[in-house]
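> In our numbering, the protein residues as written are 648 to 930.
The beta carbon of each residue, even a glycine, is placed where N, CA and C say it ideally should be.
Provided herewith is a single structure, encoded as structure tokens, for subsequent inquiry.
See the structure below:
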């Protein structure tokens with residue numbers, strides 16, 4: 648095989664072309680339904696039902712107007728934001744306070760604690776449906792936003808703990824030793840030294856939990872039964888039966904709900920990447 652048949656990395660040219668062709672196909676297969684959905688939001692009912700093409704003949708914003716007025720999407724978006732932001736804040740606070748002593752202190756059972764949290768990632772969410780909902784009902788938190796926030800906090804605490812632990816292990820120990828020599832106690836070290844340096848890790852955990860809870864549907868359906876408390880994901884499910892003949896409004900509502908976590912990730916993606924790679928040196 649001649650040098651012209653190889654890339655700069657030494658791979659055969661045909662292998663590189665095949666590799667990128669497979670990646671392009673998977674990207675297309677993933678993005679095409681999303682693109683179709685967004686374009687359909689700008690069409691009329693007649694265009695959608697006639698399947699007259701992928702692009703609208705005339706760009707129409709009526710679907711978005713219906714989503715915000717007829718469907719009343721803003722109220723449900725506010726519910727989703729309240730639940731997602733509350734769950735993310737609670738998980739960040741608890742996981743930081745739990746992960747720091749496990750990462751820094753030597754005590755009996757610290758490895759067992761890490762293993763227990765890791766086992767929490769193995770348990771499928773569907774296996775937790777009955778016990779979680781029964782606990783929420785027993786505590787009198789059914790059909791409350793705080794009940795859903797606490798449920799989400801319990802579900803996503805394991806992965807948050809492991810990410811925060813890895814990030815704390817990546818921080819230089821000499822910084823904390825210098826703070827101890829200056830007379831700081833461990834609480835001051837955590838709040839004034841470690842947490843300010845852990846911005847990327849905290850941002851990563853917060854964004855992950857926000858996106859996960861924003862898109863979660865099953866537990867939100869089981870916990871929230873009142874219409875005024877529904878999250879956007881749950882509300883869209885009921886819209887499908889109430890607004891069958893307003894397809895542009897439905898697709899516009901789905902587009903708006905879908906764009907929120909995408910925008911959050913795009914704006915803060917640099918912090919997410921830094922937080923996920925911070926624990927690569929130690930762990």
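(1) Where residue 878 and residue 726 are concerned, what is the direct C-alpha to C-alpha distance, given to the nearest angstrom?
(2) How is residue 847 classed by DSSP in three states: helix, strand or coil?
(3) What does the alpha-carbon distance come out to for the pair residue 736 and residue 697?
(4) What would DSSP say about residue 771, mapped onto helix, strand or coil?
(5) Is residue 731 near residue 861, with beta carbons less than 8 Å apart?
(6) Taking the alpha carbon of residue 681 as the reference point, which residue from 818, 905, 838 has its own alpha carbon closest?
(7) Roughly how far, in whole angstroms, is the beta-carbon of residue 807 from the beta-carbon of residue 852, given that I think they are within contact range, below 8 Å?
(8) Is the CB-CB distance between residue 747 and residue 837 below 8 Å?
(9) Report buried or exposed for residue 772, applying the criterion of at least 16 other Cβ atoms within 10 angstroms of its Cβ.
(10) How would you write the range of the alpha helix (DSSP H) that residue 660 sits in, first residue to last?
(11) Where residue 692 and residue 908 are concerned, what is the direct C-alpha to C-alpha distance, given to the nearest angstrom?
(12) For residue 856, tell me which candidate among 759, 865, 792, 803 has the shortest Cα-Cα distance.
(13) Would you please verify whether the beta carbon of residue 885 is less than 8 Å from any beta carbon of chain D?
(14) If you measure between the beta carbons of residue 684 and residue 901, is that distance less than 8 Å?
(15) With three or more C-beta pairs closer than 8 Å as the rule, is the segment 759-767 touching the segment 702-721?
(16) Closest by CA to residue 791, which one among 733, 910, 687?
(17) Restricting to Cα atoms, I'd like to know which of 779, 783, 801 is closest to residue 740.
(18) Specify, as a first and last residue, the run of the alpha helix (DSSP H) that residue 637 falls within.
Inspection of the coordinates gives the following:
(1) 5 Å
(2) helix
(3) 46 Å
(4) coil
(5) yes
(6) 905
(7) 5 Å
(8) yes
(9) exposed
(10) 660-687
(11) 27 Å
(12) 803
(13) The structure shown contains no chain D; it holds only a single protein chain.
(14) yes
(15) no
(16) 733
(17) 801
(18) Coverage of the chain is limited to positions 648 through 930, which leaves residue 637 absent and any answer about it impossible.
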